[in-house]
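The structure appears right after this line, and notes come after that.
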Amino acid sequence: MTAQASGTTVSPPSAEFMRSRTSLLTTAFAVASQMPMNPHERDRARVQESVVQACLELGLLDQAAQFADQMQGWRQGIVLALLGQRYAVLGQIDKAREYAARALLVDVGESTWGKDFVATEVARIYVKLGDEGKAYATVAPDLQVERGRIEAERTAKLPESQLDAQADQFDKAIATMNFDLVRGGIDGYLAWIDRVVDDAPRRERALKALSAAIPGLPWDLQVRCNVQLADVLFTHGYKELASLQLDRAGELFRATVFLPEDTAPLGVVVVKARIRMGDTAAARAELRRLRAEFEPRAETIENFLRAASWRSLAEGYQLLGDTNDVGRCYAAALDAGAINPNARPRAEDLSATCVSMAVSGFRPPPELLLRIENIRAGLADPW
């Protein structure tokens, strides 16, 4: 099944397509779970989490829950909390509260920061349920960064009379020059402008604050935040403003020299936004340029870092509907991810490629399915 470019009608996925998608995710999780707990507990959990995140993104909550039950450690707490958030959005209050309680009961071991991450995601469940008292009671008062994330979550439900005071809090966070607090303030303003975008004075306040704060971030985050802002503006019909923000992201990307392994994945972030906004001609030209720059440099990149670029290029082509290029890039991703002599990086890449195929909507042909199975069968010592 080919993904459709912006502006076209997309038919509901067929049963066969959904079977392909769920099968890819099942393979991705099984591959992640093949990694031995000792000494790869952290890597295993991280890759497992990425599969569950994909299930949540696709609305496959039952599959996400099945996978979450097989995890351990603080990342299990995270995905249980994320499930609770989805149920809260769906209005399934009892289920949301059940997952909030389950997440807090997960044994996070000695990871204090892992416990804080879980508590923050649980607090976001309570914000979505309208129980702000319980949300703030879940996160310790001295955790300013985590409380900032809760504040951003509140924006959607905050009474209109309190919005300006909330923006004042974002300004204070940005003024600290502390990276985590600044990032929280920027995320807060991105949520805030989504709420107030049709209020011209407030929209201008948010745009001014963001244009001043974003340049203080690392270059890659500057690109991503400008893309995120462009998406918000475009969604609300402010196409000219959105185009200006996206052009800014593109200019930042082109003016900065990134590591070879990071260039294509970040460039595709901009490409995908252009596709969402309907500029498929510019997106296709940029995607071809990124690929032409990457291919001759691929051999200079560490083998365990190469497949990510091929995956990102495949995702871009999939959005454009360029089926042949999608297949070639995913085949190259599978090959690049199978080079390393150690099984752990091969497993990580194989899982990531299966996730990418599932999320993008690519149905691998028989020859790629066979390649996936062959790589999986070869996962063994040394890890």
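Count along the sequence shown from 1, then add 13; that gives the number in our numbering. Cβ atoms here follow ideal geometry from the backbone N, Cα and C, with glycine treated the same way.
Of the candidates Leu242, Ile199 and Pro172, Ile199 places its Cα closest to the Cα of Ala226. With respect to the 7 Å criterion, Val283 and Ala268 are not classified as neighbours on the basis of their beta carbons.
By the CB criterion at 7 Å, Arg162 and Thr133 fall inside the cutoff.
Residue range Ala356 to Ser373 is occupied by the alpha helix (DSSP H) that includes Asp362. Here the segment 70-78 does not lie against the segment 118-133, with fewer than 3 beta-carbon pairs under 8 Å apart. Residue nearest to Gly86 within the set Val131, Asp260, Glu29 and Leu382 is Val131 (criterion: CA-CA distance). A Cβ-Cβ distance of about 16 Å is found for the pair Gly143 and Lys108, leaving them out of contact under the 8 Å criterion. When the Cα atoms are used, Glu54 and Asp82 turn out to be separated by approximately 16 Å.
Counting only the Cα atoms, Asp155 lies some 45 Å from Phe375. Between Ile91 and Arg57, the alpha-carbon positions lie close to 15 Å from each other. Of the candidates Asn355, Ala320, Phe317 and Ala277, the residue whose Cα lies closest to the Cα of Arg302 is Ala277. The distance from the Cβ of Trp396 to that of Met48 is about 7 Å, consistent with a contact at the 8 Å cut-off. Judged by DSSP in its simplified three-state form, Glu315 adopts coil rather than helix or strand. Around the beta carbon of Pro377, 16 or more other beta carbons lie within 10 angstroms, which makes this residue buried. Taken in chain order, the segment 134-186 contains no complete beta strand (DSSP E) segment of 3 residues or longer.
Within its own chain, the residues whose Cβ lies closer than 6 Å to the Cβ of Glu166, once the five positions on either side in sequence are excluded, are Arg137 and Val140, listed in chain order. Look at Thr189 here: in three-state DSSP terms it is coil, with no helix or strand label. Just so you know, the alpha carbons of Asn355 and Trp323 end up roughly 20 Å apart. The beta carbons of Ala286 and Ala219 sit about 19 Å from each other, so the pair does not count as a contact at 8 Å.
For Thr35, the enclosing alpha helix (DSSP H) covers residues Ala28 to Gln47. For Tyr202, the closest of Phe183, Glu306, Ser36 and Ala148 by C-alpha to C-alpha distance is Phe183. Every alpha helix (DSSP H) stretch that sits fully inside the segment 272-330 and reaches 4 residues is listed by chain position as 273-289 and 293-307.
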